[in-house]
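Engineer: Every position in the sequence shown, counted from 1, becomes a number in the working numbering once 122 is added. All C-beta atoms, glycine included, are put in the ideal place defined by N, C-alpha and C. Since the structure is predicted, the reported quantities are computational estimates derived from the model, not experimental observations.
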Amino acid sequence: MASTNTSFSPPIFNGDNYQIWAVKMKAHLRGLSLWQWIYAAVSETVFTRIMTCETAKQAWDTLMEIYQGSERTRKMQVLNLKREFELLRMKETESIEDYSDRLLTVVNKIRLAGEELPDSRIVQKVLVSLPERFEAKISSLEDSRNISQISLSELMNALKAQE
């Protein structure tokens, strides 16, 4: 009988995208109250790295250390991501959609690393990193709305309408 992927199947970790797998796995395990599923949710290659762990917690912590690094390493990663966020600028030839995707990729990495980054800060970032062709739209938004209270999705939709 062929195996099917049901809602009871844990997300499989193959050694890539640890942070995303960890978020999915935590949600899955909490939902089922079954931390022992960690062993079933990794590939054979990854399993060899945790097979000597005595507890699910020890296995989890080992995976975190291997794939996220030490606390110091994680702090450096966050610092580098924040630097990347601050340096992001929309390219003249780039669409709002593409810029939004690039920006949110960095934002999500920062958030997955455990750092808080409020939407209001992201809105500010977008407003100061757009090319000149959006100046009129930004002025119009500032005149018609309280920019400090506009959501990221509202801003992006307004900017997409400008394109």
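What is the C-beta distance between L277 and V250, in whole angstroms, given that I count them as a contact (C-beta under 8 Å)?
Structural biologist: Position 155 of the sequence shown holds residue 277. Position 128 of the sequence shown holds residue 250. That belief does not hold up - the Cβ atoms of L277 and V250 are roughly 12 Å apart, past 8 Å.
Engineer: Identify every residue that forms a DSSP beta bridge with F135.
Structural biologist: Within the sequence shown, numbered from 1, the residue matching residue 135 stands at position 13. The partner list for F135 (beta bridge, DSSP) reads V164.
Engineer: Would you check if the distance between the CB atom of I244 and the CB atom of V228 is smaller than 7 Å?
Structural biologist: On the sequence shown, position 122 is the one that residue 244 refers to. On the sequence shown, position 106 is the one that residue 228 refers to. The answer is no: Cβ separation not under 7 Å.
Engineer: Could you tell me the alpha carbon to alpha carbon distance between L225 and M147, rounded to whole angstroms?
Structural biologist: Sequence index remark: in the sequence shown, residue 225 carries index 103 (1-based). Sequence index remark: in the sequence shown, residue 147 carries index 25 (1-based). C-alpha separation (whole angstroms): 25 Å.
Engineer: Would you identify the three-state DSSP class for M212, choosing helix, strand or coil?
Structural biologist: Counting from 1 along the sequence shown, the entry for residue 212 is found at position 90. Coil, per DSSP.
Engineer: Taking one C-beta from the stretch 128-139 and one from the stretch 157-167 each time, how about it: are there three or more such pairs within less than 8 Å?
Structural biologist: yes
Engineer: E214 and P253: beta carbons closer than 7 Å?
Structural biologist: For this step, residue 214 is matched to residue 92 along the sequence shown. For this step, residue 253 is matched to residue 131 along the sequence shown. A contact, by the Cβ cut-off of 7 Å.
Engineer: Can you grab the Cα-Cα spacing for the pair L239 / M173, in whole Å?
Structural biologist: Sequence index remark: in the sequence shown, residue 239 carries index 117 (1-based). Sequence index remark: in the sequence shown, residue 173 carries index 51 (1-based). Distance between the alpha carbons of L239 and M173: 36 Å.
Engineer: Are there 16 or more other CB atoms within 10 angstroms of the CB of V168, so buried, or fewer, so exposed?
Structural biologist: On the sequence shown, position 46 is the one that residue 168 refers to. V168 comes out buried.
Engineer: In terms of residue numbering, what span does the alpha helix (DSSP H) encompassing Q284 cover?
Structural biologist: On the sequence shown, residue 284 is found 162 positions in, with the first residue counted as 1. Segment L274 to Q284, the alpha helix (DSSP H) holding Q284.
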